[in-house]
Structure formats: structure tokens, C-alpha cells
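Colleague: Residue numbers (the numbering used here): 57 to 211.
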Amino acid sequence: MKINSAISKFLTNKWVLNIVSFLALFNVIGYAVIGNLNAVVIFIIIGILVRYFSKNMTIVLGVPLIIVNLLVSYGSIKEGMENSAENNTKPHDSKENENKPSNNNMNAKEETKKTGQGLPMSKIENASSQNNAAQSTGEVMKSIMLLLLKKHMTI
Numbered sequence: 057m058k059i060n061s062a063i064s065k066f067l068t069n070k071w072v073l074n075i076v077s078f079l080a081l082f083n084v085i086g087y088a089v090i091g092n093l094n095a096v097v098i099f100i101i102i103g104i105l106v107r108y109f110s111k112n113m114t115i116v117l118g119v120p121l122i123i124v125n126l127l128v129s130y131g132s133i134k135e136g137m138e139n140s141a142e143n144n145t146k147p148h149d150s151k152e153n154e155n156k157p158s159n160n161n162m163n164a165k166e167e168t169k170k171t172g173q174g175l176p177m178s179k180i181e182n183a184s185s186q187n188n189a190a191q192s193t194g195e196v197m198k199s200i201m202l203l204l205l206k207k208h209m210t211i
């Protein structure tokens with residue numbers, strides 16, 4: 057009987073009700089802000105159903121809080137890794153083979169590789185444009201320093 061009285065005291069505690077109410081309110085507002093209105097509707101429906109069975113507001117708000125968070129988190133867990141060592145082999149497609157040139161020459165047009173999202177990958181070119189900018193900046197700084205030195209030497 058000690059366990060039942062401890063659970064009863066816990067569920068009727070004013071602070072526990074305030075904390076559960078705070079979490080439920082901000083959880084519903086968060087789902088509404090991110091546009092997950094299905095979660096909000098499910099929360100309200102489960103809350104109404106639980107209210108039919110219990111008048112304790114801690115239970116009425118806590119049960120939908122737990123259930124909706126479990127449902128949303130279950131639906132949002134996705135594996136993020138697209139390319140792994142096991143998945144590097146591509147299935148052979150007859151359409152790809154038709155589009156390939158028959159000449160295996162190195163000068164032939166290279167096949168464009170695509171990322172996991174379907175975007176074309178291109179080779180990173182030399183940082184020559186950055187080097188040119190750095191060189192021109194360096195040359196400008198050098199000429200400024202020379203002008204300052206000439207001016208200083210003539211005085």
C-alpha cells in the first residue's frame with residue numbers, strides 16, 4: 057500500500073501538475089510552430105479520451121504528452137548515412153550502358169558523377185583565382201611599401 061499512496065501523492069502534487077502542464081503546453085506550441093499539426097490533433101484527441109477515464113489533470117496531460125512524443129520520434133528517426141563501403145556497388149542499368157560512348161579513350165567526355173542527393177559533382181579547380189588575388193594583393197602591398205620607403209628616404 058505504500059507504493060499506491062506514493063504514486064497517489066505524486067500524481068496529485070501541485071508542482072508535478074505545473075511541470076507536466078508546462079511541458080504539455082510548450083510541446084503543443086512547438087509542434088504547431090514547426091507545422092506538425094497532426095501531432096497537435098493527436099494530442100488533443102488522446103487528451104479528450106484520457107479525460108473521459110480520469111479526472112486527474114496530471115494523467116490527462118501526461119499520457120498524451122508521452123504517447124505523442126513517442127509517435128513523433130518513431131516517425132522521425134532516419135538513417136543519415138547514404139554511402140557506405142557496403143553500398144558502393146551500383147546496379148548495372150542498360151540505359152546507362154547505352155549512353156556511354158563505345159570509345160574508352162581518356163579524352164572522351166567524362167561521365168558526371170552525382171552526390172547522394174542527385175546533385176552533380178564537379179572537380180575542384182586549382183585555387184589559381186585565389187592565388188592570383190593573393191598575388192595581386194601582395195603586389196599592391198609591395199608597391200605601397202616601396203612608395204612609403206621612397207617617400208621616407210627622400211625626406
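Where a beta carbon is used, it is the ideal one built from N, C-alpha and C, also for glycine.
1. Using the Cβ count rule (16 or more neighbours within 10 Å means buried), how would you classify Pro120?
2. Give a yes or no on contact between the stretch 110–119 and the stretch 69–82, applying the rule of three or more CB pairs nearer than 8 Å.
3. Could you check where the alpha helix (DSSP H) with Asn83 kicks off and where it finishes?
4. What does DSSP give as the partner residues of Pro176 in its beta bridges?
5. DSSP three-state label for Asn92, please.
6. Taking the alpha-carbon positions, what's the Ile63 to Gln173 distance?
7. In angstroms, rounded to a whole number, what distance separates the CA positions of Val13 and Ser129?
8. Would you mind reading off the limits of the alpha helix (DSSP H) that contains Ser61?
9. Can you check whether the CB of Ile102 is closer than 9 Å to the CB of Ile85?
10. Rounded C-beta distance between Thr114 and Leu67? I'm assuming under 8 Å.
11. Do you know offhand how far Glu195's Cα is from Met201's?
12. For Asn83 versus Phe99, is the C-beta spacing smaller than 9 Å?
13. So what does DSSP say about Lys207, is it helix, strand or coil?
Modeller: This is what the structure gives:
1. buried
2. yes
3. Lys70 to Val89
4. Lys170
5. coil
6. 51 Å
7. Nothing about residue 13 can be reported from this structure: the residues present for the chain run from 57 to 211 only.
8. Lys58 to Leu67
9. no
10. 5 Å
11. 10 Å
12. yes
13. helix
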